[in-house]
Amino acid sequence: MAILVWLSPILVPILAAGVLVFVQPLLVGVAVAIGTLVAQSVY
């Protein structure tokens with residue numbers, strides 16, 4: 060377990076970057092879907 064404590068400063072930024080890379084396309088997709096729905100409701 061001590062190895063995990065030692066590696067955590069290295070692993071945390073990598074995990075955070077991975078989560079951001081994975082979540083960003085989902086957020087973009089949701090934003091585009093909401094934008095298209097709003098545009099359709101306006102017109």
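Residues in the sequence shown are numbered consecutively from 60, following the working numbering.
Ideal Cβ positions, reconstructed from N, Cα and C, are used throughout, including at glycine.
In whole angstroms, give me the CA-to-CA distance for residue i and residue j.
i, j, result
"valine 64", "glycine 88", "36 Å"
"glycine 94", "isoleucine 73", "31 Å"
"alanine 76", "leucine 70", "10 Å"
"glutamine 99", "alanine 92", "11 Å"
"isoleucine 62", "valine 78", "23 Å"
"valine 80", "tyrosine 102", "34 Å"
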